[in-house]
Amino acid sequence: MCKRLRGSPGQELRIVLLGLDNAGKTTLLKCLASEEVSTITPTQGFNIKSVHSHGFKLNIWDIGGQRAQQAVLIPLFPSGWNELDFQADHEQEEVRAAK
Ligand SMILES: Nc1nc2c(ncn2[C@@H]2O[C@H](COP(=O)(O)OP(=O)(O)OP(=O)(O)O)[C@@H](O)[C@H]2O)c(=O)[nH]1
Ligand SMILES: [Mg+2]
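Position 74, counted from 1, in the sequence shown is what this note's numbering calls 74; the numbers after and before it change by one each time, with no gaps.
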């Protein structure tokens, strides 16, 4: 993921994980933060974690997948955002860029 981000190492970036409920957003966030993933419950509202990776400081927002919760983004990002789409392939346990 970091290889696809434009910017210089040392830069602070904000990443928002969006997707349907049960898509695996919180699991991905916890994996990136090297946290235990055996007990994850559906996200109410949102979680934010800071992770250092490839020289970047990534501030990662994990938004609960229910439509009403994702609506919180609209006032938070009035000028919109750049989007990178990733697909998780659960069977082969690999993540590939699908832009
Ligand atoms: N086999 C497998 N299961 C996964 C994977 N990622 C997530 N899961 C499981 O899918 C379920 C939902 O994962 P979450 O990370 O809670 O999904 P979420 O997108 O955060 O869901 P909401 O918080 O409801 O929006 C959990 O039981 C996870 O253990 C994966 O890559 N492989
Ligand atoms: Mg979640």
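From the three backbone atoms N, C-alpha and C, an ideal C-beta is built for every residue, glycine too.
Practice task
Consult DSSP for Leu18 and reduce its assignment to one of helix, strand or coil.
Solution key: The residue given as residue 18 occupies position 18 in the sequence shown. The answer is coil: DSSP assigns Leu18 none of H, G, I, E or B.
Exercise for the section: For chain D, find out if any of its Cβ atoms is closer than 8 Å to the Cβ of Glu35; answer yes or no. Expected result: Although the question refers to chain D, the structure presented lacks it and comprises just one protein chain.
Problem - Under 8 Å between C-beta atoms of Lys25 and Leu13 - result: Position 25 of the sequence shown, counted from the start, is the residue given in the question as residue 25. Position 13 of the sequence shown, counted from the start, is the residue given in the question as residue 13. In this structure, Leu13 does not lie closer than 8 Å to Lys25 by Cβ.
Exercise for the section: Report whether the distance from the Cβ of Thr43 to the nearest heavy atom of ligand 2 is below 7 Å. Expected result: Taking the sequence shown and counting its residues from 1, the one referred to as residue 43 is at position 43. Yes, the beta carbon of Thr43 sits closer than 7 Å to at least one heavy atom of ligand 2.
Handout entry: Near ligand 2: Thr26 beta-carbon under 7 Å from a heavy atom
Key = Position 26 of the sequence shown, counting from 1, holds the residue named residue 26. Answer for Thr26: yes, Cβ within range of ligand 2.
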